[in-house]
Each structure stands twice: as C-alpha cells, then as structure tokens.
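Data first, discussion second: the structure below is written as structure tokens.
In this note's numbering, the protein residues as written are 718 to 968.
As structure tokens, then:
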C-alpha cells in the first residue's frame with residue numbers, strides 16, 4: 718500500500734487454504750415397488766468427518782444410522798417409475814472452516830417381473846430338452862436344477878435330466894422365481910406278432926397309454942381297414958403274410 722506523503726509502500730500476503738471434502742452417497746439403483754432395505758454410502762468414514770443423511774421425498778424413509786458414512790435405508794412402497802433421492806452431506810471438521818459437501822444417490826422403483834415359461838415337455842432317457850425362453854427376455858436370469866447343460870444365465874436352458882428347474886428373474890434388485898418340472902417320457906410299447914384271425918382285420922400298434930407328445934409313422938399300410946388318431950394303432954387285413962414297422966418319435 719503506497720503512502721501518498723512519503724511515497725513509501727508496504728506489501729503483505731494472505732494464504733487461503735482450501736479444505737477438500739470427500740463424499741460419496743453410492744451408485745444409483747432400482748428397488749421393488751413393494752419397498753425394500755438398501756445399503757448406501759460409497760466411502761468408509763474418514764477421520765474428523767461428520768455425516769448426515771436426508772431423503773427427498775422423506776415420507777416413509779428411515780435410515781439405520783443417519784449420521785454414518787455407510788448405512789442402510791428402508792424405502793417405502795413406491796409406484797413404478799417413482800424415485801427416492803438420498804442425500805449424504807459430509808463435513809470436514811479437521812479445520813475451523815468446517816467445509817461441507819453433499820452427494821446424492823437415486824433409487825427408482827420397478828415392478829416385480831411377471832415371468833412366463835412355455836409349457837414344459839417330457840424328456841426321453843438319454844435325451845435333451847430346452848426350457849424357455851422365459852418372457853420377458855431382456856432381464857437377468859439364474860437357473861438351477863439337476864441336469865442343466867451349459868449356461869445357467871440365459872432366458873432358456875438345455876437340460877438332460879427329469880426334475881424341477883427354477884429360474885430367478887431379476888430387474889435390478891427386484892426379482893421373482895418360477896419352477897418348471899420336466900418329467901420322464903413314457904415310451905409307447907407294442908405287442909409283437911399278434912395272432913391274426915382268419916377272416917377279419919387285426920389291430921396292431923401301441924398297446925399302452927403314453928402321453929400325447931409322440932408322433933407315429935408306419936413303413937407300410939397294406940390291407941389298411943382303419944386307424945386311431947395319430948396312427949398309434951392301425952387295423953389291417955393283408956392278403957399275404959406282412960411285416961409292419963412302427964416308428965414312434967417324441968416331439
């Protein structure tokens with residue numbers, strides 16, 4: 718500062734110390750519309766710091782410890798698409814400035830997934846069957862069961878054993894589970910070389926009651942007089958001794 722009388726001047730300095738504040742409320746996420754409890758806070762507590770959690774909207778929200786850097790928050794039932802913002806304010810008390818800084822984490826409510834699994838099939842011994850795909854097809858999946866081949870995280874799985882399979886479908890932190898049971902297929906049986914009457918047709922083919930998931934094919938239909946639905950059995954009256962071959966395919 719110059720003196721206008723003498724022309725002398727003097728100079729002084731002042732040092733401004735910036736006190737940093739570290740705060741992390743956590744990562745944005747989803748929660749089920751029915752409400753849930755979530756973990757919040759992205760940093761462990763720092764020495765000399767104080768913390769305060771608040772919520773917008775605050776109705777129905779409670780904190781495990783509202784003055785902890787990391788804690789839990791209980792979120793109330795919220796309409797799908799609605800959001801709850803949690804605010805963490807940190808104060809660095811290591812200096813007289815007591816600097817503060819806030820960070821937010823936003824939770825968005827999502828509906829519980831509605832899971833649809835296509836009808837289950839039965840399984841032939843030594844065979845494989847695909848379960849799925851599950852609808853909707855753009856979420857996260859986890860399958861469990863006795864005979865899964867390959868990936869357990871797709872919307873469909875391939876299995877080689879009868880039993881109950883469970884799929885858990887998740888959308889963010891919201892999930893639901895469904896079971897599907899694969900049964901052992903009942904194979905059709907036939908009576909070999911049945912006695913043929915002299916002057917009337919004879920019925921040949923399947924002699925038990927397998928499920929409907931079979932298709933039937935005969936190598937010939939010589940002397941055909943009648944047949945059952947799907948050709949599981951046929952009535953024939955051939956003119957000469959004839960061998961008929963039936964092929965059953967599980968579909």
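The beta carbon of each residue, even a glycine, is placed where N, CA and C say it ideally should be.
| query | result |
| --- | --- |
| is_contact[residue 915, chain B] using C-beta, thresh 7 angstroms | No chain B is present in this structure, which holds just one protein chain. |
| Distance between beta carbons of residue 790 and residue 803, contact taken as under 8 angstroms | 6 angstroms |
| Three-way DSSP call (helix, strand, coil) for residue 946 in this model | helix |
| Coarse secondary structure for residue 832, derived from DSSP in three states | coil |
| Cβ-based neighbour list, residue 955, same chain, cut-off 7 angstroms, excluding 5 preceding and 5 following | 939 and 940 |
| Residue interval of the beta strand (DSSP E) (run including residue 867) | Where residue 867 is concerned, there is no enclosing beta strand (DSSP E), given that its DSSP letter is neither H nor E. |
| Residue 769, enclosing beta strand (DSSP E) - first and last residue | 766-773 |
| Residues of its chain near residue 811, where Cβ-Cβ distance is below 6 angstroms and the 5 sequence neighbours each way are ignored | 765 |
| heavy atom of the ligand MN below 6 angstroms from residue 745 C-beta | The ligand MN is not part of this structure, which contains no ligands at all. |
| Cutoff 8 angstroms; reference residue 870; Cβ partners in own chain excluding five residues on either side | 857, 858, 859 and 860 |
| Touching by the beta-carbon criterion (3+ pairs, under 8 angstroms), the stretch 738-749 and the stretch 771-784 | no |
| Reduced DSSP secondary structure (H/G/I, E/B, other) of residue 780 | strand |
| Sequence ranges, beta strand (DSSP E) only - wholly within the stretch 867-941, length at least 3 | 874-876, 880-888, 891-899, 919-922 and 931-935 |
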